[in-house]
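If you read the protein sequences in the order shown, they are chains A and B. Those letters in the first sequence? Residues 9 to 394, per the numbering used here, in order. Those letters in the second sequence? Residues 1486 to 1725, per the numbering used here, in order. Take a look at the structure below.
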Amino acid sequence: MKWFHVILKNLFRNRRRTILTMAAVALALFIFTMLQTIMTALDISVAKGPGETRVAVIEKYGGPRTQLPISYWRRLVRFDHVISATPMGYTVTSVGWGDEYYVALLVDPETYREVFPTASRMVTGEQYQQFEKVRNGVLVGLEIMRKYDWNVGDIIKLKSLQHKTTMELQICGVLISNDRENQQFETQMLVNWNYYEGLIDNPGKVNIFWLRLDGPGNTLSVINNLVNYYSAGPYEVSVETESSMLNRLTSYTATIQLIIRVISTVVLFTILMVTVNTIALSTRERRKEIAVMKAIGFTPNTVLWMIVIEAVLISIIAGLIGTMGAYFLFNTKGLTISLGLTFDFLVRPSIVAAGILISIAIGAISGFIPAYNASKINVIKALHNL
Amino acid sequence: MDPILRIIHVSKTYIQGEVITPVLEGVNLDVFPGDYIALMGPSGSGKSTLLNIISGLDSPTSGDVIMNSESIVGLNETRLSRWRHENIGFIFQSYHLMPVLSAFENVELPLLLFEMPRKERRERVEAAMSIVGLDDRIDYFPRQLSGGQQQRVCIARAIITDPTIIIGDEPTGNLDYRSTDDVLELFDILNGELGKTIIMVTHDPHAAKHAKTIEKLEKGRLLNSEEKALDNTSDPHLLT
């Protein structure tokens, strides 16, 4: 392409306008990359495999936010097909008053291991024993350990945002995921439920009871039995399988994803209009030059391609800045948001690739209409007279 | 000697709604290699329209335009573009140089459409810039050049592809007296020494005086030899 330098010179004939357009496209692609990353993170979180041998017992009307009495625990394990039961709560915590928030699951170490054997195997046996032994013990996800440069045995302070209290905890072990399904634990913490109950002076209340059943075939009968049994009590319960809980989260995240899709579409469409306008303005300004080029032998197709390539160059440079900017920002500084579960936002190369492809498409589409019009310029009219 | 360009009974009529405006009526003209023709005539006589038709920028309503035995009437836009690239060199009244390109790059522009090595392009551009006397301004941008210099760059761009015909539309119309003489001298060199065929539209009798032939248009018609004989402006040697 011998006339590439001509395209480059035209590209920067009005530097301010080109740079502002590039900045707008870069910002749009940055937002797009960020939104797509959030959407992917939500997809990963809800894609974690459900286990039909686990059910959650929660208060019927208020869900996990309304607490059930601890006395239910002893009764729950006596139901047929229930192997074990464990209480679970959660609190959103921060390290100091920083801007990073993490979910701390409040668990009973002894029974938690029985109901969630996979999760408890994420630390060494020795570390888990220590967690059972130390009342203010905590198991911390590997990513958090790395981030704050903590070591096993360290005493750390975590602030609970719900109860405005500070926990002083001893790190007993590090949660290291060996598979993708449990990766979320690397950004979470397990805190002894008993310790937290005592700290907030709220003994005897539980958000969720998790039950482990002897097999998936009995799940429905267990659910029916539990619902019937507690229907006459002071706290009616709702029982959901783990997959059902995840489905609920899925519908929650599906709404977020829909919003994200709408915002992404609006952002990209808006930037498409901005780019169309810029390229149209730019070609209108040089109608005479384009007419001269056509007069001296540039074919309509050559003129069309020159302008389309110019538009693609603007958008691809901006696209690279926007998507790579998001990539380096999130993947080096990191972004963690808690939405009940903790989401880690890492920009995947596939999202960067998608962003760059979209930027090419924006350039091609936005450049085509002005380029087509330019290629059809009537030389005589454009020059008034030859 | 065969003509390189034949305008055969060319008419052009513009129709806007119910208004029909005949601009050219049955124009015939043969152009031979080495001709230097000045097209003159009052405003609205059809000079520019004839020039547009000769250069393939406009098409006649009837008649034919034949260059080197090939009719250009009815060619599509792409083929016309290629035809112009190979056969026509344009010199515009307002120069129409690309402001973002240097003089070198402006002159090089038509060569970019050829499969030509960079070295050869450079040599040809330097040669053309030397002919127009601007070899020391090769890297200047149009804004850094005077009007006369810009017109000379325009001339260099017009001759760079060695076209069959050089078309000039009021090439001295925007120039001062001294620059006009410089450009006209250049035309004399192009025609007299380099054998280029030139067709130039002008209102300026002084410019027309440099041409070998003057063709005069009136009301869309070229004056014939008898009418020319009665009109002393058709003989360059009688112009004052």
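Idealized CB from N, CA, C, for every residue including glycine. Quick caveat: nothing in here was measured; it's all calculated off a predicted structure.
Worksheet item: T283(A) and V33(A) look like a contact to me (Cβ under 8 Å); what is the Cβ gap, rounded to whole Å?
Response: In the first sequence, the residue the question calls residue 283(A) occupies position 275. In the first sequence, the residue the question calls residue 33(A) occupies position 25. Yes, they are in contact, since the Cβ atoms of T283(A) and V33(A) sit about 6 Å apart, within 8 Å.
Discussion item. For Y1493(B), report the span of its beta strand (DSSP E) as first-last.
Written reply: The residue you call residue 1493(B) lines up with position 8 of the second sequence. One detail in the question is off: residue 1493(B) reads as Ile in this sequence, not Tyr. Note, I1493(B): beta strand (DSSP E), 1490-1501.
Worksheet entry | Sufficient close CB pairs (3 or more, under 8 Å) joining the stretch 77-95 of chain A to the stretch 209-216 of chain A | Result yes; three or more Cβ-Cβ pairs closer than 8 Å.
Item to complete: Put F1575(B) into one of helix, strand or coil per three-state DSSP.
Response: Within the second sequence, residue 1575(B) is the residue found at index 90, counting from 1. Reduced to three states, the DSSP call for F1575(B) is strand.
Fill in: When F20(A), F12(A), F40(A) are compared against Q265(A), the one with the closest alpha-carbon
Sequence index remark: in the first sequence, residue 265(A) carries index 257 (1-based). Relative to Q265(A), the option among F20(A), F12(A), F40(A) whose CA is nearest is F40(A).
Worksheet item: Name the DSSP bridge partner or partners of S229(A)?
Response: In the first sequence, residue 229(A) corresponds to position 221, counting from 1. As computed with DSSP, S229(A) is found in no beta bridge at all.
Worksheet entry | Cβ-Cβ separation, I1538(B) to I1652(B) (assumed contact under 8 Å), whole Å | Position 167 of the second sequence, counted from the first residue, corresponds to residue 1652(B). Position 53 of the second sequence, counted from the first residue, corresponds to residue 1538(B). About 11 Å separates the two Cβ atoms, so there is no contact after all.
Practice prompt. Examine the Cβ distances between the stretch 1691-1700 of chain B and the stretch 1644-1651 of chain B and report whether three or more of them are shorter than 8 Å.
Written response: Counting C-beta pairs closer than 8 Å gives fewer than three between the stretch 1691-1700 of chain B and the stretch 1644-1651 of chain B, which falls short of the contact rule.
Worksheet item: Are any of the Cβ atoms in chain B nearer than 9 Å to that of M301(A)?
Response: Indexing the first sequence from 1 puts residue 301(A) at position 293. With 9 Å as the cut-off, M301(A) counts as an interface residue toward chain B.
Discussion item. Using 9 Å as the threshold, is the C-beta distance between L198(A) and L183(A) below it?
Written reply: Here residue 198(A) is taken as the residue at index 190 of the first sequence, counted from 1. Here residue 183(A) is taken as the residue at index 175 of the first sequence, counted from 1. Contact flag set, yes.
Worksheet entry | Residues sharing a beta bridge with W218(A), DSSP | Mapped onto the first sequence, residue 218(A) falls at position 210. Partner(s): A64(A), T94(A).
Discussion item. If we define contact as Cβ-Cβ less than 9 Å, is W313(A) a contact residue for chain B?
Written reply: Locating residue 313(A) in the first sequence gives position 305, counting from the first residue. Taking a beta-carbon distance threshold of 9 Å, W313(A) does not count as an interface residue toward chain B.
Worksheet item: How is Y1521(B) classed by DSSP in three states: helix, strand or coil?
Response: Walking along the second sequence from the start, residue 1521(B) turns up at place 36. In this structure, Y1521(B) counts as strand in the three-state DSSP scheme.
Worksheet entry | Per-residue contacts from F1575(B) into chain A (C-beta, under 9 Å) | Taking the first residue of the second sequence as position 1, residue 1575(B) is located at position 90. What F1575(B) touches in chain A: V300, A303, I304, L394.
Worksheet item: Which parts of the stretch 146-198 of chain A are runs of the alpha helix (DSSP H), unbroken and 4 residues or longer, counting only runs that do not cross its ends?
Response: Correct list: 150-156.
Fill in: V54(A) to Q192(A) span [Cα, whole Å]
What you label residue 54(A) is simply residue 46 of the first sequence in a count that begins at 1. What you label residue 192(A) is simply residue 184 of the first sequence in a count that begins at 1. Model confidence at V54(A) stands at a pLDDT of 47, short of 50, so the residue's coordinates are unreliable and nothing is read from them.
Worksheet item: Is the stretch 300-315 of chain A touching the stretch 1555-1569 of chain B in the sense that three or more CB pairs, one from each, lie closer than 8 Å?
Response: A contact between stretches requires three or more CB pairs, one per stretch, nearer than 8 Å, and the stretch 1555-1569 of chain B meets this requirement with the stretch 300-315 of chain A.
Item to complete: Starting from the C-beta of V360(A), find all residues in its chain whose C-beta is less than 6 Å away, skip the five residues before and the five after it, and write them out in chain order.
Response: Here residue 360(A) corresponds to residue number 352 of the first sequence, with the count starting at 1. Counting only Cβ-Cβ distances below 6 Å, and skipping sequence neighbours, we find T331, Y335.
Discussion item. For I1623(B) and E1611(B), what's the separation of their Cα atoms in angstroms?
Written reply: Locating residue 1623(B) in the second sequence gives position 138, where the first residue counts as 1. Locating residue 1611(B) in the second sequence gives position 126, where the first residue counts as 1. Answer to the nearest angstrom: the Cα atoms are 8 Å apart.
Worksheet item: Whose C-beta lies closer than 6 Å to the C-beta of V387(A) among residues of the same chain, with five residues either side of it excluded?
Response: The residue given as residue 387(A) occupies position 379 in the first sequence. So the list reads A299, K302, A303, once near-sequence residues are dropped.
Worksheet item: Terminal residues of the continuous beta strand (DSSP E) containing L1514(B)?
Response: Numbered from 1 along the second sequence, position 29 holds the residue referred to as residue 1514(B). Per DSSP, L1514(B) belongs to the beta strand (DSSP E) from 1504-1516.
Discussion item. Please state the DSSP three-state secondary structure of R294(A).
Written reply: Counted from its first residue, the first sequence places residue 294(A) at position 286. In the structure shown, the three-state DSSP call for R294(A) is coil.
Worksheet item: Going by the beta-carbon positions, is the gap between M42(A) and W201(A) smaller than 9 Å?
Response: Indexing the first sequence from 1 puts residue 42(A) at position 34. Indexing the first sequence from 1 puts residue 201(A) at position 193. No; because the gap between Cβ atoms is not below 9 Å, this pair is not in contact.
Discussion item. Less than 9 Å between the C-beta atoms of A382(A) and R295(A), yes or no?
Written reply: By one-based count along the first sequence, residue 382(A) stands at place 374. By one-based count along the first sequence, residue 295(A) stands at place 287. For the pair A382(A) and R295(A), the CB atoms are nearer than the 9 Å cut-off.
Worksheet item: So L391(A) is in the beta strand (DSSP E); what residue range does that whole segment cover?
Response: As a position in the first sequence, residue 391(A) is number 383, starting the count at 1. Bounds of any beta strand (DSSP E) do not take in L391(A); it lies within the alpha helix (DSSP H) bounded by 387-391.
Discussion item. If you reduce the DSSP assignment to three classes, tell me which class N200(A) lands in.
Written reply: Your numbering for residue 200(A) matches position 192 in the first sequence. The answer is strand: DSSP assigns N200(A) an E or B state.
Item to complete: Using beta-carbon positions only, say whether S168(A) and T101(A) come within less than 9 Å of one another.
Response: Within the first sequence, residue 168(A) is the residue found at index 160, counting from 1. Within the first sequence, residue 101(A) is the residue found at index 93, counting from 1. The Cβ atoms of S168(A) and T101(A) sit closer than 9 Å to each other.
Worksheet item: Is the beta carbon of M153(A) sitting closer than 9 Å to the one on N159(A)?
Response: By 1-based counting over the first sequence, the position of residue 153(A) is 145. By 1-based counting over the first sequence, the position of residue 159(A) is 151. For M153(A) and N159(A), yes; Cβs fall inside 9 Å.
Worksheet item: Is it right to say G348(A) is buried, meaning 16 or more other beta carbons lie within 10 angstroms of its own, or is it exposed?
Response: The count along the first sequence starts at 1 and reaches residue 348(A) at position 340. For G348(A), the predicted model reports a pLDDT of 44, less than 50, meaning its position is unreliable and no value from the coordinates is stated.
Worksheet item: In or out: R1637(B) buried (at least 16 other Cβ within 10 Å) or exposed?
Response: Taking the second sequence and counting its residues from 1, the one referred to as residue 1637(B) is at position 152. Buried, because 16 or more other Cβ atoms sit within 10 Å of the Cβ of R1637(B).
Item to complete: Hey, could you find the ends of the beta strand (DSSP E) L113(A) is sitting in?
Response: Sequence index remark: in the first sequence, residue 113(A) carries index 105 (1-based). L113(A) -> beta strand (DSSP E) spans 109-115.
Practice prompt. Would you list the residues sitting across from P77(A) in a DSSP beta bridge?
Written response: As a first step, residue 77(A) must be located in the first sequence, where it is residue number 69. Its beta-bridge partners are K213(A).
Fill in: Cutoff 8 Å; reference F20(A); Cβ partners in own chain excluding five residues on either side
Against the first sequence, residue 20(A) aligns to sequence position 12. Correct list, in chain order: T26.
Worksheet item: Does E1611(B) have its Cβ less than 9 Å from a Cβ in chain A?
Response: Taking the first residue of the second sequence as 1, we reach residue 1611(B) at position 126. No, E1611(B) lies away from the interface with chain A (no Cβ there is under 9 Å from its Cβ).
Worksheet item: Is L365(A) buried or exposed, if buried means 16 or more other CB atoms sit within 10 Å of its CB?
Response: For the purposes of this step, residue 365(A) is identified with residue 357 of the first sequence, where counting begins at 1. Its Cβ having fewer than 16 others within 10 Å, L365(A) is exposed.
Fill in: Own chain partners of N1659(B) with C-beta closer than 8 Å, once the 5 adjacent residues on each side are dropped
The residue given as residue 1659(B) occupies position 174 in the second sequence. Contacts found: Q1578, S1579, Y1580, G1632, Q1636.
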